[in-house]
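Undergrad: Quick one: this structure, given as structure tokens, is what I'll be asking you about.
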Amino acid sequence: MESITKNRQSLDTLRAMIGRAYGPAQLPSGDDWVSELGHGWFNVAYRIRLRDGTEVVLKIAPPPHIEVMTYERGAMAIELASLRLIADQTSVPVPRVDHADRSRELCDADYFFMPYIDADNLGIVKESLTTADVDAYHEALGAANRDLNSIRGVAFGSLSGPGDATWRACFTRMIGDVLTDGERRAVDIGYPYTLVRDVITANLDCLDEVTEPRFVEWDLWDGNVMIRDGKIVAIIDHERAFYGDPLIEAGFTGIDLPAFGDPTAFVRGYGHRELTSTERRRRRLYTLYLVLIMIIETNYRGHTDTEQYDWARERLQEVMPLFGAA
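Numbering (the UniProt record's numbering), first residue to last: 1 to 326.
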């Protein structure tokens, strides 16, 4: 996916990064030691073969002069913090970090190296799998997501703190930031921003039953799941994590909008009982939050086609009536 947030670097800069991370003895030779992994939407990622044949991935944050959405600021630091938490407190497989550099000495943004995962991306290969196999992976993903949500925080919001004392205050700020981002760029979301804000305000009371901050991965789509031999071998891309309500996780989104896929296997693997009426209201708010981001981010990413924008606009036209909004 093309995006102006992808911070591509010259071969000389990439070699300098490799030398700092792995030492001069591992500087690659030849002409075919690097290729870009193109399915990401935000950071640029390179697959690199070191001199001894070891394959690694280099992930580079967006350049500082590119404006990102409010919730995306400092995303790489969030990912590094998430990887530490997940490795220390859960059994969910994630890549280790070989080297991280936030000095801005070799390039203008944060970056880190991790081992290359020799596995298939579920989001890419699932069309070639049987329905039973896809369901099995989604059930395993639900169980893994529940494990991630077992991590407890001390406040709601960013992993780096200080956070909010209540989930209502935190989510109000989060979704308010998204709307402000849209207004700043005059993004046409298909509804008056005032109407969307009114819908949110009218439903904030349903957030009050969430009292314990839990680690939320939030971006756990099929495209971030690496599989091999019938098992999930790694979860990647953790830069959108925060402490919040586990019900906001991506795997539950299909409960509200079928266009996001059948959530049955995920929910079964997670072990979540049938949602209460209050939980359904919370879920609708979370789907509204997601769809607003999907519309507005197309402007910030500089998308050259309208495919995602058009698709997300259609989803907003489905979710707003769930609140009784015409």
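Note that the Cβ used here is the ideal one computed from N, Cα and C, for glycine as well.
All of these numbers come straight from a predicted model, not from anything done at the bench.
Name the residue from ILE295, VAL199 and THR70 whose alpha carbon lies nearest to the alpha carbon of ASP181.
TA: THR70
Undergrad: Starting from the Cα of TRP33, find the closest Cα among HIS65, MET76, LEU27 and ARG49 and give me that residue.
TA: ARG49
Undergrad: Measure the beta-carbon distance from ALA100 to LEU80 and round it to whole angstroms, keeping in mind my assumption that it falls under 8 Å.
TA: 6 Å
Undergrad: State the Cα-Cα distance for the pair ALA241 and GLU72, rounded to the nearest angstrom.
TA: 10 Å
Undergrad: Counting only the same chain and skipping the five closest in sequence on each side, list residues whose C-beta sits under 8 Å from that of THR130.
TA: Sequence-distant Cβ neighbours of THR130 in its own chain, meaning closer than 8 Å and more than five residues away, do not exist here.
Undergrad: Counting C-beta neighbours from all protein chains within 10 Å, is the total for PRO213 16 or more, i.e. buried, or is it exposed?
TA: By the beta-carbon neighbour count (other beta carbons within 10 angstroms, threshold 16), PRO213 is buried.
Undergrad: Measure the alpha-carbon distance for residue 343 versus VAL97 and round it to whole angstroms.
TA: This structure cannot settle anything about residue 343, because the visible part of the chain is limited to 1 through 326.
Undergrad: Per the DSSP calculation, TYR243 is bridged to which residue(s)?
TA: GLY157 and PHE215
Undergrad: Taking the Cβ atom as the reference point for each residue, do ILE236 and PRO95 lie within a distance shorter than 8 Å?
TA: yes
Undergrad: Hey, LEU207 and VAL196 are a contact pair by Cβ (cut 8 Å); roughly how many whole angstroms apart?
TA: With 8 Å as the limit, LEU207 and VAL196 do not qualify as a contact, their Cβ atoms being about 16 Å apart.
Undergrad: In terms of residue numbering, what span does the beta strand (DSSP E) encompassing ILE295 cover?
TA: Segment 277-301 is the alpha helix (DSSP H) holding ILE295; no beta strand (DSSP E) there.
Undergrad: May I ask you to report which of helix, strand or coil DSSP gives ASP147?
TA: helix
Undergrad: Can you check whether the CB of LEU148 is closer than 8 Å to the CB of PHE227?
TA: First, the residue type needs correcting, since residue 227 is Ile and not Phe in the sequence shown. Not a contact, by the Cβ cut-off of 8 Å.
Undergrad: To the nearest angstrom, how far is it from the Cα of MET17 to the Cα of ILE66?
TA: Rounded to whole angstroms, MET17 to ILE66 spans 22 Å at the Cα level.
Undergrad: Sorted by chain position, which residues of the same chain lie with C-beta nearer than 7 Å to PHE215's C-beta, five sequence neighbours on each side aside?
TA: LEU85, LEU148, ASN149, ILE151, GLY153, ALA241 and TYR243
Undergrad: Taking the alpha-carbon of ASN145 as reference, which of ALA119, SER35, PHE266 and ILE293 has the nearest alpha-carbon?
TA: PHE266
Undergrad: Got a sec? Which residues, its chain only, sit under 6 Å from ILE117 by beta carbon, not counting five neighbours each side?
TA: MET226 and ALA234
Undergrad: Tell me which residue opens and which closes the alpha helix (DSSP H) that SER82 is part of.
TA: Counting along the chain, the alpha helix (DSSP H) containing SER82 begins and ends at 75-89.
Undergrad: In chain order, what residues of the same chain lie with their CB nearer than 7 Å to the CB of ALA259, ignoring the 5 residues before and after it?
TA: ARG315
Undergrad: What residue does the alpha helix (DSSP H) around PHE266 start on, and which one ends it?
TA: 264-270
Undergrad: Tell me, to the nearest whole angstrom, how far the beta carbon of ARG313 is from that of GLY190; I am working on the premise that it is less than 8 Å.
TA: 5 Å
Undergrad: Please return the same chain residues whose Cβ sits closer than 7 Å to the Cβ of ARG168, not counting the five positions on each side in sequence.
TA: LEU204, LEU207 and ASP208
Undergrad: Measure the Cβ-Cβ separation of GLY271 and ALA140 and say whether it is below 8 Å.
TA: Result no, Cβ atoms of GLY271 and ALA140 do not sit closer than 8 Å.
Undergrad: Give a yes or no on whether the C-beta atoms belonging to CYS170 and ASP177 are separated by under 8 Å.
TA: no
Undergrad: Please say whether LEU220 and GLY251 have beta carbons closer to each other than 8 Å?
TA: yes
Undergrad: Roughly how far, in whole angstroms, is the beta-carbon of ARG51 from the beta-carbon of SER35, given that I think they are within contact range, below 8 Å?
TA: ARG51 to SER35, Cβ: 16 Å. No contact.
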